[in-house]
Structures are given as C-alpha cells and as structure tokens.
Amino acid sequence: MQKLPSSFYSRRTLTIAKSLLGKIFIRKIGKKILSGKIVEVEAYLYNDPACHAYRGMTERNKVMFNEGGHLYVYFTYGIHYCANIVTNKKGIGEAVLIRAVEPIGGIDVMMKNRFGKSDRHLEGDGHLKNLTNGPAKFAQAFGLTKKQNGVSLLGNEIFITDGEKISPSRIVATTRIGISVAQEKKWRFYIKESPWVSKR
DNA sequence: TCCACGATCGGCT
DNA sequence: GCCGATCGTGGAG
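Numbering-wise, the first sequence is residues 426 to 625 according to the working numbering.
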C-alpha cells in the first residue's frame, strides 16, 4: 500500500480528519510491524479553545507548529500518552487526535505493550476489543511516548498508508470527548457501526 | 516559584 | 455510574 505523501497532510484539518478514517497507521519496531485501521479521530483547530496550540507556541505544543505530517505525542493525567497527526501548513498549529484503531498486525506486541504479556488466551474478544479503543490505549499499544514526539510521518519508522475508502454516509460527526470548552463543535468523526470505536 | 488541572483509564460500588 | 491515580505543563502572581 502507498504511504501518504506530504500533500495529504497540508490540507484543511477537518478534511484530513475525515479522510484519515479507514487509513492504516503503521509503526515498525525492529522486524515487527504494528498496524491498525483508523476508525475514530478528533480535529483540533488553531482558533479552537480546546486546542493545545490555541494560546500560541509553548515547549509542549511546539511540534504542532511544524508543517503537516509529523506526530505530536503529549502526556496527560500523570499516566497516559495521546498521539496526534499534525496537519495544515507550517506555523498554523493544528492536529488530529487518533482516538481508536482496529488492530491488524503485530497484535502480540500490542498485547504485551498493554497488558505485559501476549499469551494466546488474552487474545479472546475481551482483551482484543480493549486493545486500541481509546486514545491512550492506542498510544500504549503502539508504544508511542514522548520519544516519538515530533517524528515525521514521511519516514520509515511511523507512517500512514492508504486503506479502505470510507463513503461520507458511513462517517458520523459528533461532539468531542473529555474537553471543557468548545463543547458544541462536532469535530469527532468515526466510522459508523465499527466495533472498535471508543465507548460513550 | 507555585499550583490547579488535564484531548484518560480501570477498578469499585 | 463514579472516583482516584499521578505528574508535566503553563498561566498566574
């Protein structure tokens, strides 16, 4: 499958958010290849009070001001990491949060990253569905931490490829989760009826 | 320098 | 359904 080019990431953030659904997020770790189909995202725009970049550039959010096509990973609640795709042109400060993926390859590694082991019995539906159905769960399963903050998605370690084409009628737009401002904006997008979308 | 709080998750009631 | 964990960040002073 084709790696998405820089032109994919330099468009309008809301356009990118919707077109990321169905694409394949890939991380290579040594010989292992972790992959998952993106099923749920949220968009964060520069003039949006819920966006980390809303108040301008800081030490934490400076990666968001790169040109689209970089990974922005941040630490929150003293425990979790969340991973975003930086979007739009250099200096703007926008991103798309990956909220959930459908695991495809490297499930044994994801199991180990999430639960500390990869025994076959853990691959029962309970644990499998709980693997990547949330932003911090996805980051943990794919081993994304501050070390990956700022990585280019045009390189060979972490990138996104073409996947399933999702028709507009299968895309649901709703309000974003877990924010205290700009709660009216319907900038959370997910694939209708996907079992891998986060709860709530 | 200080301190309130967060783009969450999992365990407990 | 609710609540606690746990700490880096940044806005306030």
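Using N, Cα and C, we set each Cβ at its ideal position, and we do this for glycine too.
Given the structure is predicted, the values throughout are model-derived calculations rather than measurements.
Under 8 Å between C-beta atoms of residue i and residue j
i	j	result
residue 631	residue 494	Since the first and last residues shown for the chain are 426 and 625, residue 631 lies out of range.
residue 606	residue 615	no
residue 487	residue 588	no
residue 560	residue 507	yes
residue 520	residue 512	yes
residue 459	residue 575	no
residue 564	residue 535	no
Closest by C-alpha distance to residue i, when choosing among the options
i	options	result
residue 431	621, 586, 617, 624	586
residue 595	427, 444, 428	444
residue 468	434, 460, 482	434
residue 517	458, 567, 470	470
residue 475	522, 457, 446, 555	522
residue 504	569, 624, 602, 429	569
residue 498	583, 612, 617, 613	583
residue 603	533, 624, 591, 620	624
Terminal residues of the beta strand (DSSP E) in which residue i lies
i	result
residue 509	505 to 512
residue 586	583 to 586
residue 452	449 to 454
residue 597	596 to 599
DSSP bridge partner residues for residue i (one or two, in chain order)
i	result
residue 465	525, 615
residue 519	512
residue 457	454
Residue environment, residue i, which counts as buried when at least 16 other CB atoms sit within 10 Å
i	result
residue 489	buried
residue 608	exposed
residue 545	For residue 545, the predicted structure reports a pLDDT of 48, less than 50, and the residue's modelled location is therefore unreliable. The matter cannot be settled from this model.
residue 539	buried
Extent of the continuous alpha helix (DSSP H) to which residue i belongs
i	result
residue 479	Here residue 479 belongs to no alpha helix (DSSP H), and DSSP marks it neither H nor E.
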